[in-house]
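K.L.:
Just so we're aligned, residue 104 is where the sequence shown starts under our numbering, counting upward by one.
Note that the Cβ used here is the ideal one computed from N, Cα and C, for glycine as well.
After the structure tokens below, expect a handful of questions from me.
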Amino acid sequence: MPPPAPTATDTPEGPDTPDGPTDPTGPGARPAPAALAAPRARPARPLPVPRMTALAQLRAGRKRRRVPQLLLGLVGYGAAVMTLVDSGCGAASWSVLTEGVAHTLGVSFGWATNLIAVTVLLAWIPLRELPGLGTVLNVALIGVSADATALVLPRPHGPLAGTGYLVLGLVALAFFDALYLGAQFGPGPRDGLMTGLVRLTRRPVAAVRTAIEVTVAATGWLLGGAVGPGTVLIAFGLGPLLARFLPLVAVRLPPPAATEAASAADAADSMDSMDAARTGDVPEPPGPTGPRPHTEPVA
Numbered sequence: 104m105p106p107p108a109p110t111a112t113d114t115p116e117g118p119d120t121p122d123g124p125t126d127p128t129g130p131g132a133r134p135a136p137a138a139l140a141a142p143r144a145r146p147a148r149p150l151p152v153p154r155m156t157a158l159a160q161l162r163a164g165r166k167r168r169r170v171p172q173l174l175l176g177l178v179g180y181g182a183a184v185m186t187l188v189d190s191g192c193g194a195a196s197w198s199v200l201t202e203g204v205a206h207t208l209g210v211s212f213g214w215a216t217n218l219i220a221v222t223v224l225l226a227w228i229p230l231r232e233l234p235g236l237g238t239v240l241n242v243a244l245i246g247v248s249a250d251a252t253a254l255v256l257p258r259p260h261g262p263l264a265g266t267g268y269l270v271l272g273l274v275a276l277a278f279f280d281a282l283y284l285g286a287q288f289g290p291g292p293r294d295g296l297m298t299g300l301v302r303l304t305r306r307p308v309a310a311v312r313t314a315i316e317v318t319v320a321a322t323g324w325l326l327g328g329a330v331g332p333g334t335v336l337i338a339f340g341l342g343p344l345l346a347r348f349l350p351l352v353a354v355r356l357p358p359p360a361a362t363e364a365a366s367a368a369d370a371a372d373s374m375d376s377m378d379a380a381r382t383g384d385v386p387e388p389p390g391p392t393g394p395r396p397h398t399e400p401v402a
């Protein structure tokens with residue numbers, strides 16, 4: 104008589120349970136819970152202002168929006184600078200540096216401004232930053248706009264009004280800075296330092312701009328420049344505000360390949376039209392798709 108077949112209680116693996124067999128490698132075993140994946144670090148957002156030559160900036164599309172945006176941004180930038188100056192709560196970081204350089208070298212404020220601008224432009228060379236129309240107009244329009252604003256802007260009376268000028272000037276400075284940068288005609292000397300470092304370090308705009316503002320203010324203070332509460336607020340607040348505004352106002356440009364292809368197609372169509380007009384040939388209109396019907400020759 105053959106021995107009885109082993110039951111579930113006789114198997115060496117042990118009895119089956121409602122949750123399945125106890126052998127974790129068996130065919131009916133449940134997979135082990137997956138380990139919690141480590142959170143991925145968010146990559147830094149790319150700078151919404153691509154690096155272009157001056158010729159590429161002029162050849163890029165959407166100039167009907169970009170040119171007015173550039174001019175409005177630069178004029179508003181100058182007005183915001185003068186609003187901060189009239190607040191009386193402390194100069195901006197670059198003004199502190201200019202004052203410190205003028206005090207150390209024994210030169211005027213204007214000469215110190217020009218010396219700093221030349222030094223910053225030389226720093227563009229290792230950063231491979233490229234100038235453009237915005238670079239030239241930055242130098243030409245911001246000072247004129249600031250002087251014009253000083254003629255019409257009333258002086259604040261009391262600390263409350265000065266604080267209001269400080270907050271208004273800071274927000275306006277960040278917005279108009281982003282507005283002219285977003286037109287994509289090239290940055291000014293100081294903004295080019297920021298855009299070049301952002302592309303080189305791949306760090307966020309807010310972090311790079313804040314590091315620049317704090318470093319510039321601290322250097323100017325060490326050289327003898329005056330620092331106030333507004334200086335600290337501008338140094339730590341301008342970068343985050345600029346990073347918030349810049350993606351919102353940056354003009355989206357068509358890809359260079361598409362622009363060049365469209366230009367080449369337009370040029371080819373123009374040449375075909377000129378050839379046809381010169382030879383008198385009229386192009387046949389496009390007929391229906393498919394094979395032509397077979398026609399018998401007429402006897």
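By the three-class DSSP mapping on this structure, what secondary structure does Q287 have?
P.N.:
coil
K.L.:
Pick from R347, P229, G246 and A226: whose alpha carbon is nearest that of A277?
P.N.:
R347
K.L.:
Ordered along the chain, which non-local residues of its own chain (more than five positions away) have a Cβ less than 6 Å from that of R145?
P.N.:
In this prediction, R145 has a pLDDT of 49, which is less than 50 and means its spatial position is unreliable; what the coordinates show is noted afterwards. The answer is none, since no qualifying residue turns up.
K.L.:
When the distance is taken between beta carbons, is V311 closer than 8 Å to G193?
P.N.:
V311 is positioned such that its CB atom lies no closer than 8 Å to that of G193.
K.L.:
In three-state DSSP terms, what is A353?
P.N.:
coil
K.L.:
Can you list the beta strand (DSSP E) stretches of 3 or more residues lying completely in the stretch 294-353, in chain order?
P.N.:
none
K.L.:
Can you tell me the Cα-Cα spacing of T322 and V335, whole angstroms?
P.N.:
13 Å
K.L.:
If we call anything under 8 Å between Cβ atoms a contact, is V210 one with L282?
P.N.:
No; because the gap between Cβ atoms is not below 8 Å, this pair is not in contact.
K.L.:
Expressed to the nearest angstrom, what Euclidean distance is found between the alpha-carbon atoms of L303 and P343?
P.N.:
One C-alpha to the other measures close to 19 Å.
K.L.:
If you pair each beta-carbon of the stretch 260-276 with each one of the stretch 178-193, do three or more pairs fall below 8 Å?
P.N.:
yes
K.L.:
Spatial neighbours of A141 within its chain, please: CB distance less than 6 Å, with the 5 preceding and 5 following residues excluded, ordered by chain position.
P.N.:
Annotation note: pLDDT 49 at A141 (below 50); position unreliable, no value reported.
K.L.:
Helix, strand or coil for A281? Go by DSSP, reduced to three states.
P.N.:
helix
K.L.:
Which of helix, strand or coil does DSSP assign to L262?
P.N.:
For the sequence presented, residue 262 should be read as Pro rather than Leu. Helix at P262.
K.L.:
Judging by CA-CA distance, which residue of L273, M155 and G327 is the nearest neighbour of G179?
P.N.:
Ranking L273, M155 and G327 by Cα distance to G179 puts L273 first.
K.L.:
So, L356 versus A157, is the Cβ gap smaller than 8 Å?
P.N.:
no
K.L.:
Would you please state the rounded distance, in angstroms, between the beta carbons of L341 and L230? I believe it to be under 8 Å.
P.N.:
At roughly 20 Å, the Cβ-Cβ gap does not stay under 8 Å, so L341 and L230 are not in contact.
K.L.:
For S211, name the three-state secondary structure that DSSP assigns.
P.N.:
coil
K.L.:
Would A253 pass as a contact of M185 if the rule is Cβ separation under 8 Å?
P.N.:
yes
K.L.:
Using the Cα positions of G235 and G295, report the straight-line distance between them to the nearest angstrom.
P.N.:
11 Å
K.L.:
Taking the C-alpha atoms as reference points, what is the distance between T238 and G285?
P.N.:
About 13 Å.
K.L.:
Rounding to the nearest angstrom, what Cα-Cα distance links G291 and T207 in this structure?
P.N.:
25 Å
K.L.:
Counting C-beta neighbours from all protein chains within 10 Å, is the total for I228 16 or more, i.e. buried, or is it exposed?
P.N.:
exposed
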